[in-house]
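Worksheet for the structure shown next.
2 protein chains.
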Amino acid sequence: MIAEFKLIERIAALQGADDGVRIGIGDDAAVLAITPGHELAVTTDTLVAGVHFPLDAAPADIGYKAVAVNVSDLAAMGATPRFATLALTLPSIDMGFVEPLLRGIAEAMKRDSLTLVGGDTTRGPFSITITAMGEVAQGTALTRSGAHAGDSVYVSGTLGDAAAALAMRGHWPALDEAGKLAKSRLEQRLAKPHPRVALGHALRGVASACIDISDGLAQDLAHVARLSEAAIVVDVSLLPLSRALQTVVADREQQWPFAFGGDDYELAFCAPPQSAAVIERLATELKLPLTCIGTVGPGQGVHLLDHDGRVRDVPRGYEHFRT
Amino acid sequence: MIAEFKLIERIAALQGADDGVRIGIGDDAAVLAITPGHELAVTTDTLVAGVHFPLDAAPADIGYKAVAVNVSDLAAMGATPRFATLALTLPSIDMGFVEPLLRGIAEAMKRDSLTLVGGDTTRGPFSITITAMGEVAQGTALTRSGAHAGDSVYVSGTLGDAAAALAMRGHWPALDEAGKLAKSRLEQRLAKPHPRVALGHALRGVASACIDISDGLAQDLAHVARLSEAAIVVDVSLLPLSRALQTVVADREQQWPFAFGGDDYELAFCAPPQSAAVIERLATELKLPLTCIGTVGPGQGVHLLDHDGRVRDVPRGYEHFRT
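Respectively, the protein sequence lines represent chains F and E. Counting in this note's numbering, the final residue of the first sequence is number 326, and the numbers go up one at a time with none missing. Counting in this note's numbering, the final residue of the second sequence is number 326, and the numbers go up one at a time with none missing.
Pasting the structure below:
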């Protein structure tokens with residue numbers, strides 16, 4: 004532990020009290036009370052400099068995102084975020100870097116009601132590992148494995164914004180005022196994703212399968228297809244694209260491939276056709292687009308078609324910052 | 004994720020089934036059932052190459068120890084190990100390194116009945132972060148804060164073996180047969196510590212405070228003193244030293260400072276004098292020395308005395324591989 008800086012305690016000091024924390028930071032381990040009748044959802048993700056984010060990324064954004072990627076996994080299970088631990092490895096203590104990093108972590112934790120309950124700070128090449136824990140009522144967790152032939156396939160929000168911002172980093176063309184606004188919106192989507200916690204929670208009992216699509220739509224839907232023993236057919240003409248993306252990239256043929264670029268902290272989910280009205284109401288309640296992009300059928304794998312029924316290949320080439 | 008190697012799944016394949024794992028590896032998050040009436044103990048520790056272990060340490064030992072350091076934290080709370088997540092960052096996939104690393108992790112998890120429920124593998128400078136979760140019956144967790152003036156202070160096992168092995172790494176003198184056996188015993192204590200899970204569990208309701216002393220006896224007892232608002236006085240002549248340490252280091256004045264060197268995955272605990280008989284019985288049952296090394300008194304801090312009552316300074320200089 005880099006004891007003299009008490010970095011973990013600094014974040015904890017930014018938080019409110021949590022009744023579920025019976026013993027918090029400062030003992031050998033935290034002791035947590037889980038709500039009776041609930042199960043614990045647990046996920047862990049590491050962010051490494053130069054791999055998951057550019058070396059010159061703003062430290063507040065790195066901290067924020069390290070939390071958000073984990074929260075998005077909890078959201079995909081329908082779980083309510085509760086607790087997190089933080090393992091932070093730093094080559095040295097540069098407070099100009101560490102302070103905004105911790106602020107970013109604290110901001111994202113507060114946004115989704117996570118309480119930091121422990122951690123470890125070590126010297127070494129910069130990386131952040133967060134383990135996030137959530138609660139979900141017994142037996143109600145969403146999985147990747149429940150999709151059935153005949154189900155519709157939906158995605159939340161819009162796709163490709165983060166991938167476009169990443170692809171254009173350092174290569175932005177000259178932009179007018181509308182273009183500058185769009186650029187800022189795309190960059191925000193890359194830096195500060197909003198995990199879909201409320202959606203995941205509401206989809207329990209509605210969706211037959213659910214997954215976070217941050218690794219890329221095709222790759223993640225392939226997990227659902229494999230684990231559900233079914234095929235997923237996506238109509239690329241239905242992919243929801245933001246106005247910002249359409250402003251910056253004018254040609255539709257160049258727009259939709261970004262939807263496969265990953266780093267979208269949206270949920271993809273399947274549901275039987277009779278749930279369409281419930282899902283439409285959910286979209287209104289949550290003020291979040293929920294778009295049907297395809298169907299589940301017999302067979303295997305993920306297949307892309309355009310609106311003419313022509314088979315399209317999964318676009319590639321957006322892998323630079325992910326392993 | 005380094006998807007093509009499925010490292011996390013490789014460890015999982017070495018494990019048996021666990022009823023508490025409702026959804027295991029392969030979904031966005033694991034979903035775990037906690038035994039009713041129990042609380043969840045959670046701890047996380049990172050091991051970084053060149054910081055927590057020598058760069059040439061055997062990969063199986065690194066993997067084993069990454070688990071053991073976390074289990075020791077659970078033991079100090081009186082918790083029973085249940086689940087763990089693993090975040091593994093590797094510069095490349097060298098199976099000659101990775102295979103024994105994973106075997107070491109799996110061995111330690113099996114030893115203490117931990118089930119791997121998730122993880123993340125990323126490319127980057129080598130480090131391992133493990134988050135371990137255990138269960139403890141509601142309200143029975145041991146803490147660092149309950150010691151009272153008049154309590155006795157105990158440690159489990161023997162102290163200083165790992166510190167001696169580390170200090171002598173590459174500087175071992177010529178040894179006879181007994182010396183070689185002692186060296187091997189000390190090296191084993193450094194590489195493969197045995198966390199005191201059964202002891203921690205048995206100390207619930209007996210110990211007033213408990214802590215894992217892997218950061219070094221003085222530093223860790225200082226946490227107990229601070230959080231219990233008391234002073235701890237240790238008689239250095241009572242420190243339990245192994246026959247192996249005494250074989251390799253002949254002079255008592257050079258022996259006892261190793262007991263402050265850290266890396267001992269033993270427990271220190273406090274208990275009222277009337278618990279002495281219970282503790283003696285525990286030592287017999289667990290076949291584990293439990294040695295009274297001092298007392299809790301009014302005041303603050305940790306104070307070392309020798310058997311003549313002379314004040315001794317806390318030895319320093321064993322910090323090379325820890326931050």
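Ideal placement from N, C-alpha and C gives every residue a C-beta, glycine not left out.
query                                                                                                                                                           : result
Report yes or no: is there a C-beta of chain E within less than 8 Å of the C-beta of T118(F)?                                                                   : no
Between which two residues does the alpha helix (DSSP H) containing H204(F) stretch?                                                                            : 200-206
Using a beta-carbon distance below 8 Å, is I96(F) in contact with chain E?                                                                                      : no
Give the straight-line distance between the Cα atoms of M98(F) and A16(E), rounded to the nearest whole angstrom.                                               : 43 Å
May I ask you to verify whether the region 133-146 of chain F touches the region 80-88 of chain F, counting CB pairs closer than 8 Å and requiring at least 3?  : yes
On the DSSP letters alone, give me the boundaries of the beta strand (DSSP E) that S130(E) sits inside.                                                         : 130-140
How would you list, in chain order, the residues of chain E whose beta-carbon sits under 8 Å from the beta-carbon of V139(F)?                                   : V34
Suppose the cutoff is 7 Å on Cβ atoms and the five residues either side in sequence are ignored; what does the same chain contact list for D22(E) look like?    : none
Closest by CA to N73(F), which one among L50(F), A247(F), S95(F)?                                                                                               : L50(F)
Which of the three DSSP states, helix, strand or coil, is assigned to L119(F)?                                                                                  : strand
Under three-state DSSP, which class holds P260(F)?                                                                                                              : helix
Ignore the nearest five residues each way along the sequence and tell me which others in H226(F)'s own chain have a CB closer than 8 Å to its CB.               : R147, I214
Per DSSP, which residues does A60(E) bridge with? Please list them.                                                                                             : Per DSSP, none; premise fails for A60(E).
Would you report the Cα separation of A152(E) and L307(E), rounded to the nearest angstrom?                                                                     : 16 Å
For L224(E), which of V209(E), S240(E), G149(E), L189(E) has the nearest alpha-carbon?                                                                          : G149(E)
Cβ closer than 7 Å: which chain F residues qualify as neighbours of I37(E)?                                                                                     : I37, L43
May I have the straight-line CA-CA distance separating A205(F) from A79(E), to the nearest angstrom?                                                            : 39 Å
Going by CA-CA distance only, name the one from D31(E), L202(E), A247(E) that's closest to R192(E).                                                             : A247(E)
What's the C-alpha gap between P318(E) and G264(E)?                                                                                                             : 8 Å
In angstroms with no decimal places, state the Cα-to-Cα distance between P260(E) and I65(E).                                                                    : 26 Å
Taking all protein chains shown into account, decide if L58(F) is buried (16 or more other Cβ within 10 angstroms of its Cβ) or exposed.                        : exposed
Three-state secondary structure (DSSP) at I26(E)?                                                                                                               : strand
Going along chain F, which residues have a C-beta under 7 Å from T134(E)?                                                                                       : T47, T88, T134
Roughly how far, in whole angstroms, is the beta-carbon of A52(F) from the beta-carbon of F100(F), given that I think they are within contact range, below 8 Å? : Wrong, their Cβ atoms sit about 11 Å apart, outside the cutoff.
Short of 7 Å in beta carbon distance, which residues of its chain neighbour I37(E), apart from the five on each side in sequence? Order them along the chain.   : L43, E138
With H, G and I counted as helix, E and B as strand and the rest as coil, what does DSSP make of G304(F)?                                                       : strand
Considering only residues of the same chain and omitting the five flanking positions on each side of M112(E), which have a CB-CB separation below 8 Å?          : I14, Q18, V70, A87, T118, L119
How many Å lie between L241(E) and H174(E) at the Cα?                                                                                                           : 28 Å
For chain E, find out if any of its Cβ atoms is closer than 8 Å to the Cβ of T326(F); answer yes or no.                                                         : With a pLDDT of 33 at T326(F), under the threshold of 50, the modelled position of that residue is not reliable, and the figure given next carries that caveat. T326(F) counts as touching chain E.
To the nearest angstrom, how far is the alpha carbon of P62(F) from that of R315(F)?                                                                            : 38 Å
What did DSSP end up calling D215(E) once you bin it into helix, strand or coil?                                                                                : strand
What residue ranges within the region 264-305 of chain F form continuous alpha helix (DSSP H) runs of no fewer than 4 residues, ordered along the chain?        : 279-289
At a CB distance below 9 Å, what residues from the region 69-89 of chain E approach chain F? Give them in sequence order.                                       : N73, S75, D76, L77, A78, A79, M80, A82, F86, T88, L89
Please classify H226(E): does DSSP put it in a helix, a strand, or coil?                                                                                        : helix
The beta strand (DSSP E) that contains I235(F), what's its start and end?                                                                                       : 234-238
Who pairs with D48(E) in a beta bridge, going by DSSP?                                                                                                          : I133(E)
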